[in-house]
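**Student:**
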Amino acid sequence: AQSVTQLGSHVSVSEGALVLLRCNYSSSVPPYLFWYVQYPNQGLQLLLKYTSAATLVKGINGFEAEFKKSETSFHLTKPSAHMSDAAEYFCAVSTSNTGKLIFGQGTTLQVKP
Amino acid sequence: DAGVTQSPTHLIKTRGQQVTLRCSPKSGHDTVSWYQQALGQGPQFIFQYYEEEERQRGNFPDRFSGHQFPNYSSELNVNALLLGDSALYLCASSLPSSYNEQFFGPGTRLTVL
Chain U
1 AQSVTQLGSH VSVSEGALVL LRCNYSSSVP PYLFWYVQYP NQGLQLLLKY
51 TSAATLVKGI NGFEAEFKKS ETSFHLTKPS AHMSDAAEYF CAVSTSNTGK
101 LIFGQGTTLQ VKP
Chain X
114 DAGVTQSPTH LIKTRGQQVT LRCSPKSGHD TVSWYQQALG QGPQFIFQYY
164 EEEERQRGNF PDRFSGHQFP NYSSELNVNA LLLGDSALYL CASSLPSSYN
214 EQFFGPGTRL TVL
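Chains as they are written, first to last, in our numbering: chain U, 1 to 113; chain X, 114 to 226.
Next comes the structure, spelled out in structure tokens:
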């Protein structure tokens with residue numbers, strides 16, 4: 001069975017600091033991996049996705065993630081945090097051909113001025 | 114181009130009642146997935162509809178059922194509501210492939226009293 005573990009339910013950074021949100025996955029077959037962001041009282045918006053092409057994936061709003069098969073990780077980073085990045089972030093894995101997403105528990109990112 | 118729309122935005126029901134939630138997919142998408150997001154949790158896959166049939170189902174009881182119409186819109190029905198069914202219900206639409214982006218709607222907040 002596939003699963004996703006997000007390390008750290010709450011991450012706090014200062015504005016301008018590096019953002020690092022951790023995600024580890026478990027999958028018996030090559031996975032597709034996704035990061036989504038959810039702002040309060042809204043649905044989920046895709047930040048980026050890994051689909052077995054380049055291992056370093058660039059997404060929207062300056063975010064990027066690196067797929068490391070040996071570490072079964074797909075951590076999300078951003079060089080410089082903005083106040084507008086404060087939100088809930090979800091890592092998700094899909095391994096079937098039908099797009100069923102399995103989500104982690106989420107990480108709340110707080111950005112301090 | 115309208116994205117995924119869901120109705121209603123909020124809903125309050127009492128235990129034992131039945132509820133129907135509605136979703137219209139993004140233009141050009143023919144696959145609709147439903148997720149349940151409990152407070153403070155990641156979304157959990159309920160089921161997916163493609164060509165008016167349930168293609169995949171998550172670990173949810175038969176009280177949860179759905180339907181997809183010829184125009185690809187979809188309904189989620191929940192019978193015999195329990196307090197634990199209180200959650201944000203998210204609809205996502207996509208093309209029928211796991212590596213394609215799933216576009217999420219804003220969700221329906223269901224409160225069961």
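For every residue, glycine included, the Cβ atom is placed at its ideal position computed from N, Cα and C. All of these numbers come straight from a predicted model, not from anything done at the bench.
Using the C-alpha atoms, what's the distance from U/Leu48 back to U/Thr77?
**Tutor:** As a first step, residue 77 of chain U must be located in the first sequence, where it is residue number 77. As a first step, residue 48 of chain U must be located in the first sequence, where it is residue number 48. Roughly 11 Å separates the two Cα atoms.
**Student:** Between X/Glu214 and chain U, is there a C-beta pair that is closer than 9 Å?
**Tutor:** Reading the second sequence from its first residue, position 101 is the one you call residue 214 of chain X. Taking Cβ atoms only, chain U reaches closer than 9 Å to X/Glu214, which makes this a yes.
**Student:** Along the beta strand (DSSP E) that carries U/Tyr89, what are the first and last residues, could you check?
**Tutor:** Here residue 89 of chain U refers to the residue found at position 89 of the first sequence. Where U/Tyr89 is concerned, the enclosing beta strand (DSSP E) stretches over Ala87 to Ser94.
**Student:** Pairing CB atoms from the stretch 88-95 of chain U with CB atoms from the stretch 134-148 of chain X, are three or more of them under 8 Å?
**Tutor:** Touching, no, given that fewer than three Cβ pairs across the two stretches are closer than 8 Å.
**Student:** My output table needs one value for U/Lys68: the three-state DSSP class, helix, strand or coil.
**Tutor:** Locating residue 68 of chain U in the first sequence gives position 68, where the first residue counts as 1. Strand.
**Student:** Note down, in chain order, every chain X residue with its Cβ under 7 Å from the Cβ of U/Leu101.
**Tutor:** For the purposes of this step, residue 101 of chain U is identified with residue 101 of the first sequence, where counting begins at 1. Here the neighbours are Phe158 and Gln215.
**Student:** Where X/Asn184 and X/Ala205 are concerned, what is the direct C-alpha to C-alpha distance, given to the nearest angstrom?
**Tutor:** Mapped onto the second sequence, residue 184 of chain X falls at position 71. Mapped onto the second sequence, residue 205 of chain X falls at position 92. Whole-angstrom Cα-Cα distance: 15 Å.
**Student:** Could you name the residues that DSSP lists as bridge partners for X/His123?
**Tutor:** One-based indexing of the second sequence puts residue 123 of chain X at position 10. Per DSSP, X/Arg222.
**Student:** Determine which residues share a DSSP beta bridge with U/Lys112 and list them.
**Tutor:** By one-based count along the first sequence, residue 112 of chain U stands at place 112. Partner(s): U/Ser14.
**Student:** State whether the stretch 59-77 of chain U contacts the stretch 31-46 of chain U, with contact taken as three or more CB pairs (one from each stretch) at a distance under 8 Å.
**Tutor:** Flag = yes, the stretch 59-77 of chain U and the stretch 31-46 of chain U touch.
**Student:** Could you check whether U/Gln6 and X/Gln154 sit closer than 9 Å to each other, using their CB atoms as the reference points?
**Tutor:** Indexing the second sequence from 1 puts residue 154 of chain X at position 41. Indexing the first sequence from 1 puts residue 6 of chain U at position 6. Cβ atoms of X/Gln154 and U/Gln6: not closer than 9 Å.
**Student:** Output yes or no for whether 9 Å exceeds the beta carbon distance between U/Asp85 and U/Leu46.
**Tutor:** One-based indexing of the first sequence puts residue 85 of chain U at position 85. One-based indexing of the first sequence puts residue 46 of chain U at position 46. No, Cβ-Cβ distance for U/Asp85 and U/Leu46 is not below 9 Å.
**Student:** Would you mind reading off the limits of the beta strand (DSSP E) that contains U/Asn24?
**Tutor:** In the first sequence, counting from the first residue as 1, residue 24 of chain U sits at position 24. Per DSSP, U/Asn24 belongs to the beta strand (DSSP E) from Val19 to Ser26.
**Student:** For X/Asn213, which residues from the same chain have a beta carbon less than 7 Å from its beta carbon, with the 5 sequence-adjacent residues on both sides left out?
**Tutor:** Translated into positions along the second sequence, residue 213 of chain X becomes position 100. Excluding residues within five positions, the ones whose Cβ falls inside 7 Å are Ser207.
**Student:** If we call anything under 9 Å between Cβ atoms a contact, is X/Gln157 one with X/Asn172?
**Tutor:** Along the second sequence, one-based indexing puts residue 157 of chain X at 44. Along the second sequence, one-based indexing puts residue 172 of chain X at 59. Yes; because the gap between Cβ atoms is below 9 Å, this pair is in contact.
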